[in-house]
Amino acid sequence: MSTDTPADPSRQLPAAPLNPPAAEEESPLPTADAAYWEAAAASFDDEPDHGLRDPAVRAAWAARLRSWLPSRPAAVLDLGCGTGSLSLLAAEQGHHVLGVDRSPAMTARARTKLADHDAAFVTGDAAEPPVGERRFDVVLVRHVLWALPDPAAALRHWTGLLTPGGRLVLVEGRWGEAAPIGIPATELTALVEPLAARTHLESLTHDPALWGKEVTDERYVLTADLPRRPVPAQRTAG
């Protein structure tokens, strides 16, 4: 699955609950279908906020990314990287990028796009990326968490992939009116706050340059910094 959903995911994906009830567990979210993303790879970059082909859209995402990532060169894990558009911006800003996407067609396009940059790409599940013992300064995720069957478990796993003081950068939203899909900022914040030393929520709704058009639905980024050292376990009286 790619990090980048269509500019309005509700127009192109069947509606599905964020966390399907147990009775529906045999009917996975449509976005979990690897074949869907394989088929989408060829035209994926046609969306303004996917391919970032418009200079104004590209500049808007580059500026936001620069404010979310460390100023020094950092190891960035881009989960659900799609065709690598955000990976490319991060690499151009001096970061060392590893991208993971479940679609081989997506990762192939990302490798081509970043052939001359400090980046590598592997095919795998964003929820449990195949990175071994590697640890990262930043886990970057755009429009992926909302579609995972267990967002809380994914977040816990991702924090374990960060170095002490590392950062989660989570770009998410809530799209559609009749049958909205996505994850509200309040819900994501409640999931992240117990894992972090600091969180910061930033609305992305009122910046049409990011999307190539005006939008009115909920779009945001939540950044979360981990503690710089492990929190000592509290002693119990005995």
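For the sequence shown, the residue numbers in our numbering are 1333 to 1570.
Built from N, CA and C at the ideal position, the CB exists for glycine as well.
On a predicted model such as this, the values are computed, not experimentally measured, just so you know.
Reference residue i; option with closest CA among the options
i            : options                   : result
residue 1427 : 1494, 1442 and 1401       : 1401
residue 1480 : 1434, 1465 and 1446       : 1434
residue 1537 : 1459, 1492 and 1506       : 1506
residue 1464 : 1493, 1484, 1477 and 1440 : 1493
residue 1366 : 1404, 1406, 1437 and 1408 : 1437
residue 1534 : 1388, 1399 and 1453       : 1399
residue 1525 : 1539, 1541, 1491 and 1548 : 1491
residue 1532 : 1449, 1388, 1453 and 1499 : 1499
residue 1516 : 1541, 1549, 1448 and 1539 : 1549
residue 1404 : 1425, 1413 and 1368       : 1425
Integer-rounded CB distance, given that residue j should sit under 8 Å from residue i
i            : j            : result
residue 1495 : residue 1467 : 5 Å
residue 1411 : residue 1471 : 6 Å
residue 1558 : residue 1521 : In fact, because the Cβ distance is near 16 Å, the residues do not count as touching under 8 Å.
residue 1456 : residue 1476 : So it is not a contact: roughly 13 Å between Cβ atoms.
residue 1504 : residue 1478 : 6 Å
Residues sharing a beta bridge with residue i, DSSP
i            : result
residue 1368 : None, per the DSSP bridge assignment.
residue 1431 : 1410 and 1453
residue 1554 : 1502 and 1533
residue 1474 : 1503
residue 1513 : 1507
residue 1494 : 1468
Contacting residues, own chain, Cβ-Cβ under 7 Å from residue i (five flanking each side not counted)
i            : result
residue 1354 : Note that residue 1354 scores 33 on pLDDT, short of 50, meaning its location in the model is unreliable; the coordinates nonetheless yield the value given after this. There are no such residues.
residue 1529 : 1557, 1558 and 1559
residue 1445 : 1415, 1416 and 1420
residue 1523 : 1483, 1484 and 1487
residue 1407 : 1428, 1468 and 1469
Where residue i falls, given that 16 or more other Cβ within 10 Å makes a residue buried
i            : result
residue 1560 : exposed
residue 1461 : buried
residue 1386 : exposed
residue 1488 : exposed
residue 1518 : exposed
residue 1363 : In this prediction, residue 1363 has a pLDDT of 49, which is less than 50 and means its spatial position is unreliable; nothing more can be read from the coordinates.
residue 1497 : exposed
residue 1439 : buried
residue 1392 : buried
residue 1396 : buried
residue 1441 : buried
Cβ shell of residue i (< 6 Å), same chain only, five flanking positions each side left out
i            : result
residue 1349 : Confidence at residue 1349 is low in this model, with a pLDDT of 34, below 50, so the placement of that residue is unreliable and no value is reported for it.
residue 1394 : 1421
residue 1451 : 1419, 1423 and 1429
residue 1512 : 1506
residue 1551 : 1505, 1536 and 1537
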